[in-house]
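In my numbering, the protein residues as written are 122 to 427.
A virtual CB, placed ideally from N, CA and C, is assigned to each residue, including glycine.
Notes follow once the structure below has been shown.
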Amino acid sequence: MKTKVTIIGAGMVGSTIAFSLILQDIVDEIALIDLNSELAESQVMDLQHSVPFVGRTTITNGSYNDCSDSQVTVVTCGAAQKPGESRLALVQRNAAIVESVVAEVFAKNPDSILIMVTNPVDVLTYFTVRKYPQAKNRILGTGTILDSARFRHLLGAHFDIDNRSIHAYILGEHGDSEFPVWSGATMGNMRLLNHGSISDADKKRIFEEAKNAAYTIIEGKQSTYHAIGAGCAHLIRAIVRNRKSVLAVSHLIEGIYGVSDVCLSMPVVVGRAGIVERLEVELSKEEQKLLHISATALKEAAAELS
Ligand code: NAD
């Protein structure tokens, strides 16, 4: 079967997701859609010219009709964070855009898997799940896959260990109330907390650096796109190849440590059908408190939309 992804929003993030998919030869076809069709056309040309060096992906300047035979549609359109602006402040601006775009996608393909990237990603994922509750396992926000990657990168550097051997998550909101799960973080099968060479000050510094990375990057180059491009391509590969990967994506929470009716990131198993299993996540008492704080912040932000 042909594998196809439609990406809505051909800006920095949308085009970088496409580039990452092309470089890794993950899908057969990519359609890019943007309100600015001149931009989309130029991105398509530039991306097409990379294909002869690396693979065989077909890439087109598309329309919503492309969603009909796409297994996955990615929503990256909307405004990006301004320097110093929190992700939650973006909510009103982007909700209206996302609402109209998602209506077009599901009108063309009610079975599509929808990946939300536009920020504030958790609030917009929730906003969309509320409108399409029957698709709750097929509506995923990229959530804290990016924050967890930043965390693992920093931990790998701290211990001078391959970051693929570090298993550690940042969960909750993709944003200011996110929290690190130190209790379950391991290097191989050794708990990181048992490792002598990480102090409380190191832990604080590493988490703060991971959490604030987007602010730091945006100060210097206005937007972040390489890491989310790679992360989103990783998520798409898990779906189209039915990898059953455990990923911390934003999804509807229905009763984890007393938290429900909010979208935030917890590790789930991702495959061809979207979320194929919700995992029983173990959190310490302190982490459970942080989960509640994050859920409350996100519920307050979501309430502004209702
Ligand atoms: P960008 O401005 O470069 O691109 C956004 C594109 O959306 C523009 O080309 C614009 O023309 C298009 N657009 C706007 N309204 C549209 C509509 N109704 N239909 C089709 N296209 C439309 O911004 P960017 O840097 O690519 O960021 C995109 C979004 O991704 C932002 O909300 C940003 O905050 C978010 N983001 C999320 C993560 C994450 O981890 N979830 C990481 C980085 C960026």
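Contact test: residue i Cβ vs the ligand NAD heavy atom, cutoff 7 Å
{"i": "C384", "result": "no"}
{"i": "V134", "result": "yes"}
{"i": "C198", "result": "yes"}
{"i": "T345", "result": "yes"}
{"i": "G130", "result": "yes"}
{"i": "T191", "result": "Checking the sequence shown, residue 191 turns out to be Ser, not Thr. Incorrect: S191 has no Cβ contact closer than 7 Å to the ligand NAD."}
{"i": "H295", "result": "yes"}
{"i": "V222", "result": "yes"}
{"i": "N157", "result": "yes"}
{"i": "L508", "result": "It is not possible to answer for residue 508, since the shown part of the chain is limited to 122 through 427."}
{"i": "I327", "result": "no"}
{"i": "L292", "result": "no"}
{"i": "A201", "result": "yes"}
{"i": "N333", "result": "no"}
For residue i, the residue or residues it bridges with in DSSP
{"i": "H170", "result": "None, per the DSSP bridge assignment."}
{"i": "I377", "result": "V380"}
{"i": "K125", "result": "E150"}
{"i": "I396", "result": "V391"}
{"i": "I287", "result": "M308"}
{"i": "F300", "result": "L292"}
{"i": "L385", "result": "H372"}
{"i": "I234", "result": "V193"}
Secondary structure of residue i, DSSP reduced to three states
{"i": "V212", "result": "helix"}
{"i": "A369", "result": "strand"}
{"i": "S158", "result": "helix"}
{"i": "P254", "result": "helix"}
{"i": "L189", "result": "Looking at the sequence itself, residue 189 is Ser, so the reference to Leu does not match. Note: S189 maps to helix in three-state DSSP."}
{"i": "T263", "result": "coil"}
{"i": "T178", "result": "coil"}
{"i": "V402", "result": "coil"}
{"i": "G199", "result": "coil"}
{"i": "E206", "result": "coil"}
{"i": "Q164", "result": "helix"}
{"i": "S221", "result": "helix"}
{"i": "N315", "result": "helix"}
{"i": "G130", "result": "coil"}
Where the beta strand (DSSP E) containing residue i begins and where it ends
{"i": "T194", "result": "V193 to V196"}
Limits of the alpha helix (DSSP H) - the one that residue i falls within
{"i": "G135", "result": "M133 to L144"}
{"i": "I360", "result": "H347 to V361"}
{"i": "L275", "result": "I266 to F280"}
{"i": "I327", "result": "D321 to K332"}
{"i": "L419", "result": "K406 to A424"}
CA-to-CA distance, residue j to residue i, given in whole angstroms
{"i": "N450", "j": "L235", "result": "The shown model of the chain, from 122 to 427, leaves out residue 450, and the question about it has no answer."}
{"i": "P241", "j": "L211", "result": "6 Å"}
{"i": "T194", "j": "S344", "result": "22 Å"}
{"i": "A354", "j": "T137", "result": "9 Å"}
{"i": "R273", "j": "A289", "result": "6 Å"}
{"i": "V302", "j": "Q255", "result": "31 Å"}
{"i": "V226", "j": "L276", "result": "39 Å"}
{"i": "A416", "j": "V175", "result": "42 Å"}
{"i": "E330", "j": "G341", "result": "15 Å"}
{"i": "H347", "j": "A278", "result": "19 Å"}
{"i": "K324", "j": "R393", "result": "36 Å"}
{"i": "I129", "j": "R362", "result": "21 Å"}
{"i": "E294", "j": "D281", "result": "28 Å"}
{"i": "G374", "j": "V383", "result": "The amino acid occupying residue 374 in the given sequence is Ile; Gly does not appear at that position. In a straight line, the C-alpha of I374 is about 6 Å away from that of V383."}
{"i": "V223", "j": "N333", "result": "30 Å"}
{"i": "L160", "j": "L385", "result": "32 Å"}
{"i": "I266", "j": "L404", "result": "18 Å"}
{"i": "K203", "j": "S184", "result": "28 Å"}
{"i": "A270", "j": "L144", "result": "19 Å"}
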